[in-house]
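Residue numbers (this note's numbering): 2 to 466.
Below is one structure; the comments refer to it alone.
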Ligand code: SAM
Ligand code: SF4
Ligand code: F3S
């Protein structure tokens, strides 16, 4: 039993569902870490839960719809509360919704979904303990969507798992206001952590929590430190010097803010992964203009050339939106041409989705869902061919991977690891019983398709490379 103030917290279970980007997944990890102080442990079974939390995403209509439907289904948790197996008493389930939809629609959600007890936005994640406390003190139907007005963004990374990988927030919010995007409305203004704080945080994770790989997170990590006279490139170089840290990744970056200093860091920071996710969104300059992306296709391709010169091993992935309002066939074909020129290793492709409150939502638009769907399929089909060719070139080469999971394919036991260039590789173990989880291994690629790589195990280096 844990006692906080006047309230006793017996052991309870929380069920969490996360939608959206890595920032949201990391927020969920923070939520879980705070709730462990109130005696909550995680359950995978919603029916077992005392507390149900949805961490929502508003980036496309589909994300909203999925959440509304899942929330709708929770009504039965209140009408048929079941029996707590430990206490034998009828369960009194608390249901909460946080994240990007809750930030802008918190009050409406509470009104529409009677079973929802509270809603919380993206900037109050670290106050979740207080909100849960309020519900157990008897309060219901409240919404907390305030913005943190303090000048600094200062946090400590929370871990809830035993893996050597950690997500580390370095900047929050987004000031870019791309015309199609809801994120600046759901995540607020950009604010960076101080460089020294991040370095101390990562050093602590490496020394005391066995972290070997960090993923630096933000909607636009390339803006990191702008207000403090600091930069992402400086941060990468400082992290590169931390003994025991093996790999550094970052996501997501905006092409407008890629500096020469950052390009150089891709050559000099030896721990920086051979992977860059640099969303391009469209291969047409006129569409990029309407998207308010502030760069041209030529500028983007110039950046790729410089980055690949700095690190010839670099693998680039991107995001593309098909069917931006009034996109012409010619503008669409420019995106198909860009795929040939850029040689992306993978693309996250999306059909444009209208987001209320954004500039693009106010554009009158002649395109239909069918046109958008067809264009997206054309983009993805072309990319599959490019990918197959690029991955075919890996056959016969050796890569170091960090093993992430065990699985089986057609009855054969296989382990899966990720290369520095972020590709997943499957290999058969040398000994069936051996546990390779979080081992570093060298593998030789034996076959490749557009979406998967098979390999032979060459060397097992154990948990430290
Ligand atoms: N901050 C990143 C950037 O600047 O590219 C990513 C932001 S968003 C979370 C991830 C991706 O969703 C975007 O890169 C974009 O391709 C896509 N996206 C955002 N808004 C969209 C919309 N209204 N319709 C379709 N796709 C959208
Ligand atoms: Fe959205 Fe643009 Fe900000 Fe990315 S940079 S989060 S696409 S507004
Ligand atoms: Fe979605 Fe919010 Fe991330 S809208 S993509 S969860 S920042």
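Every residue gets a Cβ at the ideal spot worked out from N, C-alpha and C, and that includes glycine.
Small disclaimer: the values here were computed from a predicted structure and weren't measured.
Proximity to residue i [Cα-Cα], best of the options
i, options, result
"residue 264", "301, 230, 229 and 283", "301"
"residue 389", "366, 449, 443 and 280", "449"
"residue 404", "73, 463 and 114", "463"
"residue 243", "233, 201, 266 and 217", "201"
"residue 531", "107, 125 and 124", "This structure cannot settle anything about residue 531, because the visible part of the chain is limited to 2 through 466."
"residue 435", "451, 415, 422 and 424", "415"
"residue 251", "274, 245 and 409", "274"
"residue 54", "308, 386 and 98", "98"
"residue 56", "122, 46, 38 and 112", "122"
"residue 136", "441, 119 and 213", "119"
"residue 68", "17, 30 and 158", "17"
"residue 369", "393, 316, 25 and 355", "355"
Buried or exposed (CB count within 10 angstroms, at least 16 for buried), residue i
i, result
"residue 94", "buried"
"residue 183", "buried"
"residue 374", "exposed"
"residue 346", "buried"
"residue 162", "exposed"
"residue 260", "exposed"
"residue 176", "exposed"
"residue 28", "buried"
"residue 519", "This structure gives no information on residue 519, because the portion of the chain shown stretches from 2 to 466."
"residue 158", "buried"
"residue 229", "exposed"
Delimiting residues of the alpha helix (DSSP H) encompassing residue i
i, result
"residue 306", "298-311"
"residue 25", "23-37"
"residue 134", "129-137"
"residue 261", "261-269"
"residue 108", "101-113"
"residue 287", "286-291"
Extent of the continuous beta strand (DSSP E) run through residue i
i, result
"residue 120", "119-121"
"residue 276", "276-278"
"residue 457", "454-461"
"residue 216", "214-218"
"residue 427", "425-428"
"residue 403", "399-410"
"residue 4", "3-5"
"residue 446", "441-449"
"residue 420", "413-420"
"residue 10", "8-10"
"residue 15", "13-19"
"residue 329", "Counting along the chain, residue 329 falls outside any beta strand (DSSP E), and DSSP gives it neither H nor E."
"residue 253", "Per DSSP, residue 253 belongs to no beta strand (DSSP E) and is neither H nor E."
"residue 320", "316-323"
Residues of its chain near residue i, where Cβ-Cβ distance is below 6 Å and the 5 sequence neighbours each way are ignored
i, result
"residue 129", "32 and 35"
"residue 376", "323, 324 and 333"
"residue 194", "154 and 171"
"residue 381", "350"
"residue 443", "399, 401, 459 and 460"
"residue 211", "165"
"residue 396", "446 and 449"
"residue 104", "122, 123, 146 and 187"
Sequence-distant residues of its chain with Cβ nearer than 7 Å to residue i (five each side left out)
i, result
"residue 292", "179, 180, 181, 282, 283 and 325"
"residue 465", "none"
"residue 125", "145 and 147"
"residue 64", "20, 21 and 58"
"residue 138", "8"
"residue 190", "174 and 176"
"residue 79", "94 and 116"
Same chain, Cβ closer than 8 Å to residue i, five either side skipped, listed in chain order
i, result
"residue 426", "400, 402, 417, 418, 419, 420, 444, 446, 454, 455 and 456"
"residue 239", "196 and 200"
"residue 348", "318, 319, 320, 321, 340, 380, 381 and 384"
"residue 337", "284, 379, 380 and 383"
Segments assigned beta strand (DSSP E), at least 3 residues, entirely inside the segment 40-98 = 41-43 and 52-57
task = Any chance you could list the alpha helix (DSSP H) runs of at least 4 consecutive residues sitting entirely within the segment 140-203, in chain order?
result = The alpha helix (DSSP H) runs lying completely inside the segment 140-203 and spanning 4 residues or more are 184-188, given in chain order.
Any alpha helix (DSSP H) of 4 or more consecutive residues that is wholly inside the segment 224-251 = 233-241
query = Unbroken beta strand (DSSP E) runs of length 3 or more, entirely within the segment 336-383: which are they?
reply = 347-352
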